[in-house]
Each structure stands twice: as C-alpha cells, then as structure tokens.
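Engineer:
2 protein chains.
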Amino acid sequence: MNIPTPRISTGELPASRKIHVAGTLYPEIRVPMREISVHPTAGEPPLSVYDSSGPYTDPGVTTDIRKGLAPLRLSWIRARADVEEYAGRKVEAADNGFAEGDRLVPEFPIRARPLRACGDTAVTQLAYARAGIITPEMEFVAIRENQLRDAVAEERGGQDFGASIPDYVTPEFVRSEVAAGRAIIPANINHPELEPMIIGRNFLVKINANMGTSAVTSSMEEEVEKMVWAIRWGADTVMDLSTGRNIHNTREWIIRNSPVPIGTVPIYQALEKVGGIAEDLTWEVFRDTLIEQAEQGVDYFTIHAGVRLHMVPMTVNRVTGIVSRGGSIMAKWCLHHHKESFLYEHFEEICQICRKYDVSFSLGDGLRPGSIADANDEAQFAELETLGELTEIAWAHDCQVMIEGPGHVAMHKIKENMEKQLECCHEAPFYTLGPLTTDIAPGYDHITSGIGAAMIGWFGCAMLCYVTPKEHLGLPDRDDVKTGVITYKIAAHAADLAKGLPGAQRRDDALSRARFEFRWEDQFNLSLDPDTARQFHDETMPKEAHKVAHFCSMCGPKFCSMRISHDIRAEAREQGMADMAAKFREGGALYVPAGQSEE
Amino acid sequence: MNIPTPRISTGELPASRKIHVAGTLYPEIRVPMREISVHPTAGEPPLSVYDSSGPYTDPGVTTDIRKGLAPLRLSWIRARADVEEYAGRKVEAADNGFAEGDRLVPEFPIRARPLRACGDTAVTQLAYARAGIITPEMEFVAIRENQLRDAVAEERGGQDFGASIPDYVTPEFVRSEVAAGRAIIPANINHPELEPMIIGRNFLVKINANMGTSAVTSSMEEEVEKMVWAIRWGADTVMDLSTGRNIHNTREWIIRNSPVPIGTVPIYQALEKVGGIAEDLTWEVFRDTLIEQAEQGVDYFTIHAGVRLHMVPMTVNRVTGIVSRGGSIMAKWCLHHHKESFLYEHFEEICQICRKYDVSFSLGDGLRPGSIADANDEAQFAELETLGELTEIAWAHDCQVMIEGPGHVAMHKIKENMEKQLECCHEAPFYTLGPLTTDIAPGYDHITSGIGAAMIGWFGCAMLCYVTPKEHLGLPDRDDVKTGVITYKIAAHAADLAKGLPGAQRRDDALSRARFEFRWEDQFNLSLDPDTARQFHDETMPKEAHKVAHFCSMCGPKFCSMRISHDIRAEAREQGMADMAAKFREGGALYVPAGQSEE
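Protein chains in written order, with full-length UniProt numbering: chain A, 1 to 599; chain B, 1 to 599.
1) Taking residue 490/A as the query, report the chain B residues whose CB atoms sit under 9 Å from its CB, ordered along the chain.
2) Let me know if residue 18/B comes out buried or exposed under the rule of 16 or more other beta-carbons within 10 Å of its beta-carbon.
3) Which runs of the beta strand (DSSP E), 3 residues or longer, sit entirely within the stretch 113-161 of chain B?
4) Whose Cβ in chain A lies nearer than 8 Å to the Cβ of residue 319/B?
5) Taking DSSP's pairing of strands, which residues face residue 263/B in a bridge?
6) Can you list the residues of chain A that residue 651/B reaches, using a CB-CB cut of under 7 Å?
7) Are any of the Cβ atoms in chain A nearer than 9 Å to that of residue 91/B?
8) From the DSSP output, which residues share a beta bridge with residue 40/B?
9) Under 7 Å between beta-carbons, which chain A residues line up against residue 365/B? List them in chain order, please.
10) With 9 Å as the threshold, decide whether the Cβ of residue 597/B is near any Cβ in chain A.
11) Among all the DSSP beta bridges, which residues are the ones paired with residue 18/A?
12) To the nearest angstrom, how far is it from the Cα of residue 210/A to the Cα of residue 7/A?
13) Check this for me: beta carbons of residue 435/A and residue 408/A, under 9 Å apart or not?
14) Quick one: grab the DSSP three-state call for residue 602/A.
15) Does the Cβ of residue 317/B have 16 or more other Cβ atoms within 10 Å, making it buried, or fewer, making it exposed?
16) Have a look at residue 10/B and residue 144/B and give me their C-alpha separation to the nearest angstrom.
17) Beta-carbon of residue 529/B versus every beta-carbon of chain A: anything under 9 Å?
18) Whose C-beta lies closer than 8 Å to the C-beta of residue 263/A among residues of the same chain, with five residues either side of it excluded?
19) Excluding the 5 residues flanking residue 94/B on each side, which residues of the same chain have their C-beta closer than 7 Å to its C-beta?
20) If you run the structure through DSSP and keep just helix, strand and coil, what is residue 200/B?
21) Going straight from the alpha carbon of residue 514/B to that of residue 459/A, what length do you get?
22) Check whether the Cβ atoms of residue 31/B and residue 177/B lie closer than 9 Å to each other.
23) What did DSSP end up calling residue 10/B once you bin it into helix, strand or coil?
24) Per DSSP, which residues does residue 205/B bridge with? Please list them.
25) Determine the contact status of residue 306/B and residue 387/B, defining contact as a CB-CB distance below 9 Å.
26) Enumerated in chain order, which unbroken segments of the beta strand (DSSP E) with a length of 3 residues or greater are wholly contained in the stretch 352-380 of chain B?
27) Listing by chain order, which chain A residues have their CB less than 8 Å from the CB of residue 543/B?
28) Let me confirm a value: residue 67/A is counted as buried when at least 16 other C-beta atoms fall within 10 Å, else exposed. Which label applies?
29) Starting from residue 244/A and walking both ways along the alpha helix (DSSP H), at which residues does that stretch end?
30) Report yes if the C-beta distance between residue 506/A and residue 149/A is below 9 Å; otherwise report no.
31) How would you write the range of the beta strand (DSSP E) that residue 405/B sits in, first residue to last?
32) Which of the three DSSP states, helix, strand or coil, is assigned to residue 464/A?
33) Note down, in chain order, every chain B residue with its Cβ under 7 Å from the Cβ of residue 485/A.
34) How about the stretch 218-236 of chain B and the stretch 41-60 of chain B: do they share at least three Cβ pairs that are nearer than 8 Å?
35) Assuming residue 432/B and residue 399/B make a contact with CB atoms under 8 Å, what is their CB distance in whole Å?
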C-alpha cells in the first residue's frame, strides 16, 4: 500500500512547551499541558494552560498516521480485568457504501481485535464511579482541569447559577460528579489513544468541532488533518459527521489518530446502508451499525430517540419545520410506518450495547428550533421531556449521558432552555449548538451563535458545539474551522470567567499585564491565536523594534493612555497619592490646595 | 483647486430600493428606508428596513463630495426663527496642526457662515421637547423607528428590564422621551445635512463606528469614504477620532458629506494645539476648540469631565491603569497641576456653548476598565457618580446627554454596569464600548466584545460603539471596519429581539421563511451582508441552478432535513395529523395502532 507522506500540522505553538504531569494515585499517567513562557522582564513564571492538541504539538513524539497514536489507555483498561478481546464484526462492503477499487479508501494498516465487556459487566466510567472506584481516567481529568494552579482556595467571583464548582478539582470530586451523572468522561474501551477529558457543568466549559467527508471522497491525510487542525486550536471533542462512501475506513483512520473523543451520528451511516431511503431503515441495520462503530472506538453516539410519532405534528406549523437531519429522518420513518420510533422502542437494547464498550450517549435534539420563530416551542420541549425519561433508562444501565440542545434562540429565551434541561434531564450535562441569537446574518453565524454559546455556557451548559462562518451556506474550509474553534474558545472562556471558575482569570491577567507593560511578544503568545495577533500587529508596525515600542500604531506615543498611566504611577509613587486621595475625598468635590494636601 | 475624482462607495444593495416616507405633521420631511424585495413565489410584500446609508445608496441622487450633501434640515432650523448667522471664528493655522503647502489638506470648497442661537435661547431638541414642541426631527425619527410596520399593537415577547417600549413610535412619544432625558437626537444646527436619528433605551439599539486620520495625512476622498463605507453597512453615528495635522479641514469634509451624526473628542485637537503636552492644556484652548467644532457642526462631544483629581490614585494599583486617552490626558493634567480638572470646573460654561448649537454631550468614561481584572472597580464607579452630577447640570441648561461606558467586563458584571448607570445618571442613554468579555483573544475582539455588546444592549444600553478585529493591535482597514459594523449590527439586533421590540423579528422571520423554502437569493438579500452570504454559498455551489436547488452543499439532497420537512408537511396535510396527534397524546407513551388512531 503506497500512501503519500501525510501533511499533518505538527509543532509547538509560539513560546510554548509541552509538559506532562504525573498522577499520584496512578504515577504512570502523564497529563499533557502547554506551558507558555513570558519575557524575563515580566518576572513571572510560565503560564500552563489546558492542551487538547495531543502528541502533534509534542516535539518529543514523531507521529505517523499510518501507525496511529500510542494506546496510552490500554494498560489501564487491561488492568481492570473486565474486558475480553474477540474477533469482532466482519467489515462489509456496505460499511463503505460499496466503494470499490480506487474509489475505496484503503483500510487502516493495523487491525486490532476489538475489546468488549466480559459477560454482562458494565465497563463504563459511570459504573466504576458508582462502585466508588477512581479510575486513571478520573485522576487524569482532575489534574488536567486544574492546569497546575495551586490547591489553595481562591477568592471566588462570578455567578454560577447553582452549580457546585470546587475550589480545586480532586480525583474524588471527579468520581462523585460522574457517579451523580452530572459529568461524563467519553472514553470507549476501543479508543485507547484517547487523552481523557470531562464534560460537566462544574468543570471547564468544553467545545466540539464537527467534521466529515461529504459525498465526494477525500484522502485520509485530509480527513485526519481536519481533526488535527481543529484540536490544535482547542477543540475538546470532534464529531465525524461523514456521509457517502468510505465512512467505515475513514472513521478508522480518524479514531486511530485522535487524542480527543470522537462522536458520531450512527443514523447517517445506517441510512447509507439502506440506500438513503429513510423508510427502509430497520432496527437490525441500526443495531449492526452501533456495534460496528462501538468496535472501532467511537466515544459518543448522537441518538435521536426523543423524536416520537406524536410529536411530528407539533412541527407542522413551524417556520422552519425540523432542521436536525437525524430528527427529520426519524420523523419521516415514524410517519411513513405510522409507528413509534424504533430508537425509542429499542432504547434499552441500545443501552446494552453502549455499556459493553462505554460509548456515551449524546441524546439528540431532533426537534431543535431552526429559527428564532420556532424557539422554545411545544415540539422542542416535548422532546426534552422524553430525553429526560431516556436519561434515567440509560443511567439504570450504567451508561453515561449528555443531552443535546438548540439551535436558534433569542437571548431572552436561552436561560429557560438551560433551566428546563437541568430539571427534565436531572442535571445530565447539556451540549448545545450555539444557540444562534438571530437569523439575519448568514456568513457570520459563528458570531450570532457565539453570543448565545457564551451565555448558555455561563448558565451551565457543559459543552458548546461550534458553528463556522459557512453555516447555512456551504462547507467550512480550513480557515472557517479555525475561526469557528477560536470563536467558541472565546465563548467557553467568557463563560468560565462569568461562572467564577477558579484560575480561569489567570490567563486574562497575564495577557493584560503584558499589554500594560508593552510586552508585545507575550501579548501574542498568551492569546488564543498568536499567529493572527502578530500578523495584525505587523500589518501596521512591521519592524522588530516595534515589538518593544512603548506605544502602538493606534494612538502613537503622544496619545498612549497606557504610557501616560505609567507616568502617573511613577508620580503617584513619589507623592504617596493614596493619603492625598483620602484628603481629597474628605474635601469632597472641592479642590484642596496643594499646600494642605501635603500636610 | 484640483481634486481627483472621488472613489466613494455608492449604489443600492442587492434587491434593494430606496424609498422615502413623508411626514404628517411635517409633510415636507422625507424619511429614507430600504425596501428589500423577495421572489414572487414567496407571495410576500417587500420588507422595509432601517437605512442609515444616506443618499449614497439612492440612484436618484448624484453625490459630489466637493459640494456636500443637501442641507435638508436648514429650512426646519430657519423656521424656528431662533438662530442667527454670524461671521464665526477665524480658522487658524493651529487648527490644522500648522500643516502647510502640499501637507495641508485643502479647505472644503464651500464656506457657509455658521449659525448660533439668538441671545441666550437654547436651541436644543431637549429645550423644544420640554416646551411641548414636536420638531420635524422628532417626527422624522418616529417614522424611521417604525420601519413602515403597522400601527397595530403586536403581541410582545421579550424581557425589557423595566424599559418603556411602545407598541408604536409616535412623534409625541419621541418628544416625551427626549423631554425626560431618556433619549437624545444629536443634531447640531450647523449640520443641516443630517438625517435625524434617536438614541434611547426605548428605541432600536444603535451602533457607532470610529474613524480617524492618524499622524499620517490621507486624502479627503479616503476620509469621506471611510464614513460612507461604515454607514453603508449600518453605522448609525460615526466618531471622528483624528489626531495629528489637518484635523480641522478633514473634519469639514466629513461633516459636509455625512448624513449621520458626527461625534468627536475635542481634547484630542486641543492637545495638538499645545504640541501634545497634556500639562500645557488650558481651559481657553479647550473652549476655543469647542466653539471651532460646534461651528463646523459636530453633533456630539465626548467630554471627560468625570475624571477628577481625587480619583487618579484609585487607578494606581489597577492591572491596566487608565486606558481612555482622554481620561489619561486629564488625569495627567490634574496630577501635574495638583488641580481639579478644568473640564469639571468649567462644565457650566461648556453647557453654555453646547446649548447654543445643540451639541449633545457624550460624557466620557475616562476611567473605564481596560482589563477583566479592573472591571467595576472603585475608580470606574466613582467616575460614574460624577457623570450623574454632570448630567443634571447639563439638563439644567437644556443640553442633551448620553453617558459612555466600558470597556472590559466579564459577563456576570455587565448587568451591574447597566443598573448603576440608570440609577446614577437618571436614565440618560448609555453608550458603551463593547464590553469585551475576556482579554485573551486579540485579533478577535470584535467577537469578545460583540458578546458583551449584545448583552448590555438587551439590558438597556442605547448605543454600542463597535470594536474591530484590529483592536489592541493596529489600525482597522476597510475589511475590519465592515466586520466591526456587521458584528455590531448583529449585537444590536439580537438585543432588539431580546427586548421584544415590536417588529424586530420581521426580518428574521422573512429570512427563515426564505431559508425553509430554498429561496437562496432572498436569503442572501435579506441578510446583513448579502455579498458575503452569496460568496460563501457560491464557493461550494457556484452554478446559477443551485440558487434554486432544494438542498445545499452541506448535506446534499438525501440528507436535507428541510426537504424532508416539506414531505412531512405534505403527508401531514393529507392525514390530518393534528387529530391523530391528539389521539397519540391520549395514548401517552404507548403506540396507538393506526386502526384506532383513525377512528
């Protein structure tokens, strides 16, 4: 098999160094972080930040997509002695849409036998958490969430709307949140390459980036690079929404090379298997697809089991009907057969599959609003209540669950979404798309939705699914993906600040100090997108000398408020302004002559 | 004088037609609006939207920047018979920074004698409103705000946080809001080219775009085009923040060609007049600059009179000190002279000038926070209280007032800003810069601030000052200005929707209907930026045929949820789904056999 050398984005970000932190309960675990160094004049230690980019930004590791990433979790999984290797389902031509010859994407070179739970055991993080077991995955995410900040309790600002954010994240806290169903650690036992992460209201807000081949075939390098590019800029999970041919083989290449959880919408592949005719879908085809994907290592499934026959009519008078693909497919099936959804009726069997591999549920919101006019309507909330029922069923089977949310929602209706979700779904983590706060700006929907995402993240949403500038218009290219990811990192971080997450403000403060001290390089390096910040600066002030200039192009030296502030600070120090100020305040509005004020 | 032919952006936006609506009280007024037509298959009338772009988008008007725009307000002003023409202040070399020869921007070709109030009369919209007079300006904005929607009371959604939004905007409502000081109509009697607009919490949220020559000289065409470009995309006012040479002449070119209110920060020009040495500023130089600009027709002045000597020490321990240019200049002056601010001490004389020309106050927040760490601190709120005092003084002189606000503020601290401002400043309109909700994304601060802007607009902020992607890094180019304006139109509109402003959702609904009916052209034309929407769509589906395709490149025909929704809708109609649904609901979770459900 001759594959051209992959063009994958590797290498560290500016002034950054990959570090690894060992565990205490599990000394062998190595939690990756990114350490950003600042100029010596700052007299500050480097800042360590959360790092979703995987080994691709580790100069100590040579990655080869034909080999895949190291299976770091394998020993952890084996050590639990509750799984068995087995032959696994045979890959069929239908799995790749009957692609043949040079239209068929080559299989991933290495073929491992899949793992599954022994007998009826549940091998989910939820089952372990309930049994009081702190897994390596749990200690890993605990260390990861703290970003090396001190364990001391900080003074907490923010408004958390009833969340239970800890001063410091301990492995036991992670276990208790997972046990309570308030957080999930998507981690299929067949995805050992995964660097565990957690999704929950009491942890850092996460973001997801979507990708996928469309009808047209693209190379494995391209597909893997899409994922690598998204995590390089901060995507915490990636959903593979591929349709068309080669879905099976492409997904294998992606999972084997992904350090982040991979989510899918299995109904898409099932529909391909029945030639794209929704009415021809059957439980058997769907079930077979779930096992196929579980064996490959998919970490979470979007399942639209909340769309039920009696809800379909509620969408008929909407402005934009049903806008979820999975939702519309199921609605059509229900309507055509005049039957209840097979996803709903076979939900317990789906749970039986998920608990065998620890595939987390992402219960899909098939009836989410596709326009401002349809937000928070009868159909949407009827489905949400059903998702609540399903959550309890999944929990009864020790399955991890998160709930998907809208969509298009004006600002004043966002909070109701969060409150109803917490109530209906018993605090299972919420995972929303945006929401978009207006319909009138196609081409800028990363912004219309970034506004809603920041707000719902503040209110308690655990993960935000990004939206790119191409939403509603076309397929995102490389730049669109980066813009979408950065926009959502902004929304997630703004939410962390507003929730008062301990340590969240450290990066803002470090960057603002750099700004105030004219440490331009530090200002670039501490930002979410150093390349763009530097490029924008250099467009007006290219010279290297300007990187130390005590002013910038916007005002020039004469008008630089920060420069003046430094003069004021200097004078203030001399004159003991504080006392003087006190005197001025006593004097109230009146001017106090210098003579007196110096008494 | 030989000026090259100006390159000014003119012409209508796609599918748009400029229309004019006549007044009732004043039949001679012609209120501009933009009528967007949709495809005949829609069976909908054209949508009329607010239009800030002026005659530049009116094919019936030939503009020539050397002649300036038609002085449409002149007859209205004259008719009030309370102003007199006079020689006016002589332009001095210092007004243009002593620029000479070919470094001197040519004077605007036409030199009109300025107007001022006769004797001690106040010629402000506030004075007229208090006297019970509905001016043409007031009827103009009333018609403009309604955007031709019907006068019927609509069902009101939204949460308005105690605002008093009317079902329909009448001229009398405008008068009463202006009289109460809750809204302003910035309209200098020496800016007759102005198409009046209103800034107030009970009206559409407005946006401002900043522009300005920097030290380097640029041509008049460039300067005028900056303004024309900003209003073409929706800027409601423009602030000229020019520094360096040629400030006077450049401003004259801008005002004579501007249909929107022009704001300035007079201290910038005053500082130029004293060679850029803050300590050398005097009341006399400042006073002279106010008169110079008032005679030219500046509609609102940013005055940093709230920065007082005793507040300076409160900024000494901030992370980013003082970040307002005007604020830092005044702080330095106060500190150096150990004196109270001359702006504060001479505030009543400033009012005397403003009431003579109807220059509105924009009371500057010189101590606004420049970082998340400094938000809502002692210095910021101390100044806000002083701005409240000054508001009452200005009102006592019949001067119109709005209040400037921050800055950098995390989401959970935004509401407090709005509440304190309403309380301290007696409901005078609030005008904020962003606020930016995090410091960590230079290069994307239009987004970090767009989030805060949408929220504070919802809470009651009347005007949002845009931030471009170049904020903190460099000078915005043409594309940055457009991105900043569109981002802020999104924030303002999202706020209008959330406040429940009657009619605000009409555009969202029209665009969403177009989206659901695959009317691609309508979807582009109804959007805030038709060019970008079309371009993004065409990148993946260039063919004209695709403009009528009943699917898009994202999912393709097989997966198009909206297409499926249409099938569902069709089937539903046949089967009388509504009744069936009722039966299903009676049946609860259980599936009701088709037989029964058809009884």
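Quick reminder that beta carbons are idealized off the backbone N, C-alpha and C, glycines included.
None of these values were measured; they are calculated from a predicted model.
Structural biologist: The structure says:
1) The count along the first sequence starts at 1 and reaches residue 490/A at position 490. Near residue 490/A (Cβ distances below 9 Å), the residues of chain B are 437, 438, 440, 441, 444, 447, 448, 451.
2) Counting from 1 along the second sequence, the entry for residue 18/B is found at position 18. Looking at its Cβ environment, which holds 16 or more other Cβ atoms inside 10 Å, residue 18/B is buried.
3) 115-117
4) In the second sequence, the residue the question calls residue 319/B occupies position 319. Those within 8 Å of residue 319/B in chain A are 509, 512, 513, 516.
5) Here residue 263/B refers to the residue found at position 263 when the second sequence is read from its first residue. Paired residue(s): 239/B, 300/B.
6) There is no way to answer for residue 651/B, as the model of chain B reaches only from 1 to 599.
7) By one-based count along the second sequence, residue 91/B stands at place 91. False, the Cβ-Cβ gap to chain A never drops below 9 Å.
8) Counted from its first residue, the second sequence places residue 40/B at position 40. Per DSSP, none; premise fails for residue 40/B.
9) Position 365 of the second sequence, counted from the start, is the residue given in the question as residue 365/B. Going along chain A, no residue has its Cβ under 7 Å from residue 365/B, so there is no contact; the nearest lies around 12 Å.
10) Position 597 of the second sequence holds residue 597/B. For residue 597/B, the predicted structure reports a pLDDT of 32, less than 50, and the residue's modelled location is therefore unreliable. The matter cannot be settled from this model.
11) Here residue 18/A is taken as the residue at index 18 of the first sequence, counted from 1. Looking at the DSSP assignment, residue 18/A forms a beta bridge with 34/A.
12) One-based indexing of the first sequence puts residue 210/A at position 210. One-based indexing of the first sequence puts residue 7/A at position 7. Residue 210/A and residue 7/A: Cα-Cα distance of roughly 20 Å.
13) The count along the first sequence starts at 1 and reaches residue 435/A at position 435. The count along the first sequence starts at 1 and reaches residue 408/A at position 408. A contact, by the Cβ cut-off of 9 Å.
14) No answer is possible for residue 602/A: the residues shown for chain A start at 1 and end at 599.
15) Numbered from 1 along the second sequence, position 317 holds the residue referred to as residue 317/B. Exposed is the call here.
16) Here residue 10/B is taken as the residue at index 10 of the second sequence, counted from 1. Here residue 144/B is taken as the residue at index 144 of the second sequence, counted from 1. Answer to the nearest angstrom: the Cα atoms are 22 Å apart.
17) Numbered from 1 along the second sequence, position 529 holds the residue referred to as residue 529/B. For residue 529/B, the answer is yes, since a Cβ of chain A falls inside 9 Å of its Cβ.
18) Indexing the first sequence from 1 puts residue 263/A at position 263. If we look at residue 263/A and ignore the five residues flanking it on each side, its Cβ neighbours are 186, 208, 237, 238, 239, 240, 298, 299, 300, 301, 302, 362.
19) Against the second sequence, residue 94/B aligns to sequence position 94. Cβ neighbours of residue 94/B beyond the five flanking positions: 273.
20) For the purposes of this step, residue 200/B is identified with residue 200 of the second sequence, where counting begins at 1. DSSP places residue 200/B in strand when its eight states are reduced to three.
21) The count along the second sequence starts at 1 and reaches residue 514/B at position 514. The count along the first sequence starts at 1 and reaches residue 459/A at position 459. Roughly 32 Å between the two C-alpha positions.
22) Locating residue 31/B in the second sequence gives position 31, where the first residue counts as 1. Locating residue 177/B in the second sequence gives position 177, where the first residue counts as 1. Taking 9 Å as the Cβ cut-off, residue 31/B and residue 177/B do not qualify as a contacting pair.
23) As a position in the second sequence, residue 10/B is number 10, starting the count at 1. In the structure shown, residue 10/B sits in coil (DSSP, three-state: anything other than H, G, I, E or B).
24) Taking the first residue of the second sequence as 1, we reach residue 205/B at position 205. DSSP output for residue 205/B lists no bridge partner at all.
25) Here the question's residue 306/B lines up with position 306 in the second sequence. Here the question's residue 387/B lines up with position 387 in the second sequence. Cβ distance < 9 Å, so residue 306/B and residue 387/B count as in contact.
26) 360-363
27) Locating residue 543/B in the second sequence gives position 543, where the first residue counts as 1. The contacting residues do not exist; residue 543/B stays about 13 Å from chain A at best.
28) Position 67 of the first sequence, counted from the first residue, corresponds to residue 67/A. Its Cβ having fewer than 16 others within 10 Å, residue 67/A is exposed.
29) Translated into the one-based positions of the first sequence, residue 244/A becomes position 244. Run containing residue 244/A: none; DSSP gives neither H nor E here.
30) As a working mapping, residue 506/A is identified with position 506 in the first sequence. As a working mapping, residue 149/A is identified with position 149 in the first sequence. For residue 506/A and residue 149/A, yes; Cβs fall inside 9 Å.
31) Within the second sequence, the letter at position 405 stands for residue 405/B. Segment 401-405, the beta strand (DSSP E) holding residue 405/B.
32) Mapped onto the first sequence, residue 464/A falls at position 464. DSSP places residue 464/A in strand when its eight states are reduced to three.
33) Counting from one through the first sequence, the residue named residue 485/A turns up at place 485. Here the premise fails: no neighbours, minimum Cβ distance about 11 Å.
34) yes
35) For the purposes of this step, residue 432/B is identified with residue 432 of the second sequence, where counting begins at 1. For the purposes of this step, residue 399/B is identified with residue 399 of the second sequence, where counting begins at 1. Not confirmed; about 21 Å, so no contact.
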